[in-house]
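Presented below is the structure to which this report refers.
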Amino acid sequence: MITIEKTDSVIGARVHNLSLADIPDAGTVNDIEAALEIHGILIFPEQEITPQQMIDFSSTLGDLELTELEAARLENHEEIFVVGNVGKGLVSFSPDNDEQELEWHSDHIHHEVAARASLLYAKEVPDVGGDTLFACMYHAYDTLPEDEKRRCEKLEMIHCASGLDHYLEKQKLGGSNSLSGERQHKKVVRPLVRAHPLTGRPGLYFGNQVTIGIVGWDQNEAKAFIRDLTKHACQLGFQYRHKWTAKDAVLWDNRRVIHAGTPYDVKNTRRLMYRTTLRETAPIRSIG
Ligand code: OGA
Ligand code: MN
2 MITIEKTDSV
12 IGARVHNLSL
22 ADIPDAGTVN
32 DIEAALEIHG
42 ILIFPEQEIT
52 PQQMIDFSST
62 LGDLELTELE
72 AARLENHEEI
82 FVVGNVGKGL
92 VSFSPDNDEQ
102 ELEWHSDHIH
112 HEVAARASLL
122 YAKEVPDVGG
132 DTLFACMYHA
142 YDTLPEDEKR
152 RCEKLEMIHC
162 ASGLDHYLEK
172 QKLGGSNSLS
182 GERQHKKVVR
192 PLVRAHPLTG
202 RPGLYFGNQV
212 TIGIVGWDQN
222 EAKAFIRDLT
232 KHACQLGFQY
242 RHKWTAKDAV
252 LWDNRRVIHA
262 GTPYDVKNTR
272 RLMYRTTLRE
282 TAPIRSIG
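So the mapping is simple: my numbering equals the position in the sequence shown, first residue as 1, plus 1.
What follows is the structure in structure tokens.
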């Protein structure tokens, strides 16, 4: 039986008595799914897993995305997306330093098929920096004033990789996250307030860089709105900060939380993370 230990934050729990190296039985899969629904983020400490074991474990939860981005693709394991400064190039979702804005996002919000959940496994982590922040978008929605909720419920957000590229270009270190060509400019429109398909609860669904506009809005007004919304939605009280220890694996629900990397010393330390990405299985619906 797995045991669950809540974090001190409004989201997140640590899961004990589970080895990701073993294929979980149906009952355990149910327990994991139920815990993910309650806590939004599950932390599995002290995992010794090979890439194939990570893929096999993740596959018991659903269909995995294949890594499109060449710089992030793990050789012979296309299901694994490599994050960090140790692989083929720098792949980072973090700003270069504390003065820069964070890049809050829900994985694959700008893809045709979004990500339901993601599993990130720490192979090597710096002693300082490189934490990952998560914020609960149920809380973000619930605490909006009623008139603001009604307003948000009507908004259709425009997501595009060009927003991410633009952000990375502003960073001194850049990175190789960008997708060249047509794919980069493909825009995806989704409601700002989505009903979680399992709980029915409304949550905000956006990113502060990848969301480049709002349907029918002036670009600058949309940018300003997204900036203000991020301040509210990602405030400390709605956050869980994960300070990584090597061999941690963290599973999160992209339907409910958005996340952001934090800076680390890219030149002098090593960070290597493997991610598997579970494809969205439900339509992304507004609550109306
Ligand atoms: C990701 C991601 C953040 C980090 O892998 O999807 O956003 O801290 N990572 O590496
Ligand atoms: Mn991400």
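Note that beta-carbon positions come from the ideal geometry of N, C-alpha and C, so glycine has one too.
query                                                                                                          : result
Supposed close pair F94, V258 - CB separation, criterion 8 Å                                                   : That pair is no contact at about 14 Å.
Option in A247, I288, V267, H260 with minimal Cα separation from I50                                           : A247
For V211, the three-state DSSP class (helix, strand or coil)                                                   : coil
Bounding residues of the beta strand (DSSP E) (the contiguous stretch that carries G85)                        : 78–85
Secondary structure of G28, DSSP reduced to three states                                                       : helix
Closer than 9 Å to chain B by CB, V114                                                                         : Among the protein chains of the structure shown there is no chain B, as only one such chain exists.
Secondary structure of H243, DSSP reduced to three states                                                      : strand
Runs of alpha helix (DSSP H) lying entirely within the region 90–135, each at least 4 residues, in chain order : none
Euclidean distance between Cα positions of R286 and V83                                                        : 30 Å
Nearest-angstrom Cβ-Cβ length linking R256 and P198, presumed shorter than 8 Å                                 : 7 Å
Supposed close pair E113, V216 - CB separation, criterion 8 Å                                                  : With 8 Å as the limit, E113 and V216 do not qualify as a contact, their Cβ atoms being about 17 Å apart.
Straight-line Cα distance separating E80 from H233                                                             : 34 Å
Collapsed DSSP secondary structure at H40 in the structure displayed                                           : helix
P96 to A196 span [Cα, whole Å]                                                                                 : 30 Å
Given 8 Å, three or more beta-carbon pairs between the region 113–126 and the region 269–284                   : yes
Cβ pair G90, S177 closer than 9 Å                                                                              : yes
H106 beta carbon near ligand 2 (any heavy atom closer than 8 Å)                                                : yes
Continuous beta strand (DSSP E) stretch holding H197: start and end                                            : Looking at the DSSP string, H197 is not in any beta strand (DSSP E), and its letter there is neither H nor E.
Backbone secondary structure at E69 - three-state DSSP                                                         : coil
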